[in-house]
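Enquirer: Structure in C-alpha cells, see below.
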Amino acid sequence: AQSVTQLDSQVPVFEEAPVELRCNYSSSVSVYLFWYVQYPNQGLQLLLKYLSGSTLVESINGFEAEFNKSQTSFHLRKPSVHISDTAEYFCAVTSPQGGKLIFGQGTELSVKP
Amino acid sequence: NAGVTQTPKFRILKIGQSMTLQCTQDMNHNYMYWYRQDPGMGLKLIYYSVGAGITDKGEVPNGYNVSRSTTEDFPLRLELAAPSQTSVYFCASSPSSSYNEQFFGPGTRLTVL
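From first to last, the protein sequence lines are chains U and A.
In case it helps, the working numbering puts the first sequence at residues 1 to 113.
In case it helps, the working numbering puts the second sequence at residues 1001 to 1113.
This is the structure:
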C-alpha cells in the first residue's frame, strides 16, 4: 500500500521569503509523484509532477520539487513567494502500474505582506 | 472547453434526505473520480470509473452510489444523508494511465443537518 505524509499542516511566511513544503511517501513499488494546488474556493490544479528522468522538476510559476528516492521525499520549494501563492498544497502518489492517486493531508501556505 | 463542471455549488440537506451531485466533463476522458475533502484529511476517493458502464469503490464508498452511463457524466448519489457526509465533494477526470494529471471540478459544499 502507498501513503503520503505532509509534515506541516500550516506554513506562514512573509512575502519574498523562501519556502519549503515537505512531503514524504511510502511505497513498495516505483512511484509517480505530484503536487497539486488549491486556491480558495476552487478545485485542485496540477502544479508539477515527477514521472521519471531528472529528479528536479519545475512549474511555470517558480516552484520546484526534487524526488529523493533514498529519503522517500518530494519536497516543494520556492525561493521567493508572492501573496498570490497563498493556497493549500497537496502532495500525491501513484504507481506506474496503475492504481489510485493517494493524497497527503495538505499544507496551507499563507503568505503575508 | 468547460472542463469538469459540478452542480450544485452548495446544498443543505436534512438527515435522511437524498440527493444527486452532478458531474460532467467535456474532454472525452475515460477515467472519472469522486472525492470528498474534509479539513486536515486531504482528499479521500469515494468511487471511480474507468469508462462508461464500469465503476468501482474507492476508499470511502459507504453511503454513496454512482453510475456511468455515458463518457461525459458521472453522478454521485447520496441515499440517506447523515451528518458524517457533511463535506466538500470534488469530481475529477483524466485520460487513461496513471501518469496523466487529474482535472478537478470546482466542488460541491454539502451540509447535512
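Note that the Cβ used here is the ideal one computed from N, Cα and C, for glycine as well.
1. Distance check for V29 of chain U and W1034 of chain A, CA to CA, integer angstroms please.
2. Considering only the alpha carbon of each residue, which of U:N68, U:K78, U:Q71, U:A1 lies closest to Y89 of chain U?
3. Tell me the DSSP secondary structure of P40 of chain U in three-state form.
4. Nearest chain A C-beta to K69 of chain U closer than 8 Å, yes or no?
5. Does any CB atom of chain A fall closer than 8 Å to the CB of K78 of chain U?
6. Considering only residues of the region 26-113 of chain U, which uninterrupted beta strand (DSSP E) runs meet the minimum length of 3 residues and lie entirely inside it, listed in chain order?
7. Strictly under 8 Å for the Cβ-Cβ distance: is S1069 of chain A near chain U by that measure?
8. At what residues does the beta strand (DSSP E) containing R1109 of chain A begin and finish?
9. What are the boundary residues of the beta strand (DSSP E) that A1092 of chain A is part of?
10. DSSP three-state label for P1061 of chain A, please.
11. Among the candidates A:N1001, A:V1004, A:K1044, whose CA atom is the shortest distance from the CA of N1062 of chain A?
12. Report the neighbours of M1041 of chain A on chain U: residues whose CB is nearer than 7 Å to its CB, in chain order.
13. Quick one: grab the DSSP three-state call for P1039 of chain A.
Expert: So, to answer that:
1. 25 Å
2. U:K78
3. coil
4. no
5. no
6. 32-38, 44-50, 56-58, 64-68, 73-78, 87-94, 107-112
7. no
8. 1108-1112
9. 1087-1094
10. coil
11. A:K1044
12. Q105
13. coil
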